[in-house]
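Worksheet for the structure shown next.
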Ligand SMILES: C[S@@+](CC[C@H](N)C(=O)[O-])C[C@H]1O[C@@H](n2cnc3c(N)ncnc32)[C@H](O)[C@@H]1O
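In our numbering, the protein residues as written are 471 to 1073.
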């Protein structure tokens, strides 16, 4: 079957297109496919020149504006196609063509297809038939990837018949109206996509129709499942999560470990992909968020609803003026996961101004409905979460890890981020720690972890050793000792991960690419990705590739804009990490200076 994989129109950065290509390569088991620069240009060539206006209209609608609009690939059969539809991240639609004969499309759908009509073969697949002049038939299968539908489902929350319900005072009644609105919206969404409405989306006020929202919503603002349930320092890009899992586990099954899981972004979709996950974080708030986010499929929505209604009936804002009173009410909820969900909702209110209770209830409703939308869509698509997720709260250097088939993670990036101070109030109010220091001292890269001497430096690869030497030479002895401790810890962690990974397994590490340290008037730019790659090699990992991933953040600011996705494997054939210079020194006067000059100076 010849298939067009059409990229989502709202991808914001080109690096995602390269990741989409890599992901498709993995899912197809081959890189032998073409890039489509412009979809409309395809219609000049056979067999696409045979297509009628109905299909051309659908295919050329909302195409990606970057350098490539999709990929053209030969897919062996329907089983392979379904697996891509279940697992891919960046495609809006897939179109598969088959002309006459005894191919899979004709055998499976030839009987139900009707000329010039879109016939549903499942809620996310349709078959379209064209009778050709030579008497043959052309069948086209259109499929919507699950991930794309999950993203769109979140948009349903914006519909007027879900939003305009604030006048309903009783929370139970309000939720009932909203749930009905969600059900109607999810059905309308699928219908909209299947029918391919032609009317132009309405951009002004009083939007009403689902198409007014879905087509024009940018992916950066989309929030599906529970991916955006709580802020987290260094949170990964949720669009990278599923592709990283695909790269790590080409077979799509097994056990994956995220040893620095933070809020659980990489693992959140694993159960839905049929993958079992184990994740670890030393910060109890991170572990709490990850537990809720990754166990969406186990969350008893009836129980969440009941608990919320019960809290609401106890007196509203007057009865719940403080975080602590809401916390006490949540403590009484019997089920662990429902309780954790509500703690996360309460944690969202900490540090915010305004009515704590009102914020708590509105956020709870919002995320309850997000979970409700995902659940409804999964039911309609007959998709089950076949994987499980276990979250361990502990120091990864100390906890016992199971044998795993893959590792996907984003570790602390040198000493760049303080993971404890911004959430110290949250940890205290939720009663998650006795003392903040106990958590901080176990945090890799934390200011509380510092080597006592330079012993151990010789165990590190030259790139790491040189960075320490440079810091010392520049008089930053404290910093040198902290970075040394971080690198020694990271090496120990990598050794442990290597042991826990089965032979032949892959590890995918997402790290910030550059790191800037100000030393006097000099800006040292450290290629941290290169140092981590070299560290991985010293513990036995074989370097496979490094993919670039640019982040498109809504808020600018000095966050890391470029990430490196490092892919290692545990095998006998070691390919050396790419050789490149890993430190650059910039001063206002001298401009860019390379490491070699530096070392000459030292000597
Ligand atoms: C870059 S963040 C991970 C963010 C995560 N991918 C997300 O999307 O939220 C790194 C995480 O490593 C955790 N961490 C640091 N030291 C640790 C240790 N010794 N054991 C386990 N986790 C640790 C931090 O608490 C932090 O949540």
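All C-beta atoms in this analysis are idealised placements derived from N, C-alpha and C, irrespective of residue type, glycine included.
Would you report the Cα separation of residue 803 and residue 712, rounded to the nearest angstrom? Position 333 of the chain shown, counted from the first residue, corresponds to residue 803. Position 242 of the chain shown, counted from the first residue, corresponds to residue 712. Cα-Cα distance, rounded: 33 Å.
Between residue 816 and residue 754, what straight-line distance do the alpha-carbon atoms span, to the nearest angstrom? Taking the chain shown and counting its residues from 1, the one referred to as residue 816 is at position 346. Taking the chain shown and counting its residues from 1, the one referred to as residue 754 is at position 284. Cα to Cα, the separation comes out at about 15 Å.
In angstroms with no decimal places, state the Cα-to-Cα distance between residue 721 and residue 1047. Counting from 1 along the chain shown, the entry for residue 721 is found at position 251. Counting from 1 along the chain shown, the entry for residue 1047 is found at position 577. Between residue 721 and residue 1047, the C-alpha separation is close to 25 Å.
Do you know whose CA, among 889, 498 and 967, lies nearest residue 911's CA? Mapped onto the chain shown, residue 911 falls at position 441. The residue with the shortest Cα to Cα distance from residue 911 is 889.
Closer than 7 Å: residue 892 CB and nearest ligand 1 heavy atom: The count along the chain shown starts at 1 and reaches residue 892 at position 422. Answer for residue 892: no, Cβ out of range of ligand 1.
Simplified DSSP assignment, three categories, for residue 534: Your numbering for residue 534 matches position 64 in the chain shown. Of the three classes helix, strand and coil, the one that applies to residue 534 here is coil, per DSSP.
Note the first and the last residue of the continuous beta strand (DSSP E) segment covering residue 875. The residue you call residue 875 lines up with position 405 of the chain shown. It spans 874 to 879 - the beta strand (DSSP E) in which residue 875 sits, taken as one unbroken run.
On a Cα-Cα basis, can you pick out the residue from 824, 814, 811 and 775 that is closest to residue 792? Here the question's residue 792 lines up with position 322 in the chain shown. Per the Cα distances, 824.
What residue from 939, 524, 561 and 571 has the CA that sits closest to residue 923's CA? For the purposes of this step, residue 923 is identified with residue 453 of the chain shown, where counting begins at 1. That would be 939, whose Cα lies nearest to the Cα of residue 923.
Rounded to a whole number of angstroms, what is the C-alpha to C-alpha distance between residue 591 and residue 661? In the chain shown, counting from the first residue as 1, residue 591 sits at position 121. In the chain shown, counting from the first residue as 1, residue 661 sits at position 191. C-alpha separation (whole angstroms): 13 Å.
Is residue 895 buried or exposed, if buried means 16 or more other CB atoms sit within 10 Å of its CB? Taking the first residue of the chain shown as 1, we reach residue 895 at position 425. Answer is exposed; the Cβ neighbour count stays below 16.
Quick one: grab the DSSP three-state call for residue 549. One-based indexing of the chain shown puts residue 549 at position 79. Note: residue 549 maps to helix in three-state DSSP.
Per DSSP, which residues does residue 672 bridge with? Please list them. Position 202 of the chain shown holds residue 672. In DSSP, residue 672 forms no bridge with anything.
Which term fits residue 881, buried or exposed, when burial requires 16 or more other beta carbons within 10 angstroms of its beta carbon? Indexing the chain shown from 1 puts residue 881 at position 411. Buried is the call here.
Under a Cβ-count criterion, where at least 16 other Cβ atoms within 10 Å of its own Cβ denotes burial, should residue 582 be classed as buried or exposed? As a first step, residue 582 is located in the chain shown; it is residue number 112 there, counting from the start. By the neighbour-count rule (16 or more Cβ atoms within 10 Å), residue 582 is not buried but exposed.
beta-carbon residue 702 near ligand 1 non-hydrogen atom, thresh 7 Å: Residue 702 sits at position 232 when you count from the first residue of the chain shown. Yes; taking the cut-off as 7 Å, the Cβ of residue 702 has a heavy atom of ligand 1 nearer than that.
Whole-number beta carbon distance between residue 540 and residue 509, since they are thought to touch under 8 Å: Position 39 of the chain shown, counted from the first residue, corresponds to residue 509. Position 70 of the chain shown, counted from the first residue, corresponds to residue 540. With a Cβ gap of about 6 Å, residue 509 and residue 540 count as contacting.
Confirm, please, whether the CB-CB distance from residue 955 to residue 920 is below 8 Å. Position 450 of the chain shown, counted from the start, is the residue given in the question as residue 920. Position 485 of the chain shown, counted from the start, is the residue given in the question as residue 955. Yes.
For residue 882, verify whether its CB is less than 7 Å away from any heavy atom of ligand 3. Ligand 3 is not part of the structure shown, which contains ligand 1 as its ligands.
So the candidates are 966, 836 and 986; which of them puts its Cα closest to the Cα of residue 635? On the chain shown, position 165 is the one that residue 635 refers to. Of 966, 836 and 986, the residue nearest in Cα terms is 836.
Quick one: using the 10 Å Cβ neighbour count with 16 as the cut-off for buried, is residue 655 buried or exposed? Here residue 655 is taken as the residue at index 185 of the chain shown, counted from 1. Under this definition residue 655 is a buried residue.
Pull up the DSSP beta-bridge partners for residue 1075, would you. Residue numbering for the chain in the displayed model covers 471 to 1073; residue 1075 lies beyond these limits and cannot be assessed.
Throw me the rounded Cβ distance for the residue 617 and residue 558 pair, which I believe falls under 8 Å. For the purposes of this step, residue 617 is identified with residue 147 of the chain shown, where counting begins at 1. For the purposes of this step, residue 558 is identified with residue 88 of the chain shown, where counting begins at 1. Sure, about 7 Å apart at Cβ, within 8 Å.
For residue 721, report the span of its beta strand (DSSP E) as first-last. Against the chain shown, residue 721 aligns to sequence position 251. Note, residue 721: premise wrong, no beta strand (DSSP E); not H, not E.
Inter-residue Cα distance where the pair is residue 643 and residue 650: Here residue 643 corresponds to residue number 173 of the chain shown, with the count starting at 1. Here residue 650 corresponds to residue number 180 of the chain shown, with the count starting at 1. Cα to Cα, the separation comes out at about 11 Å.
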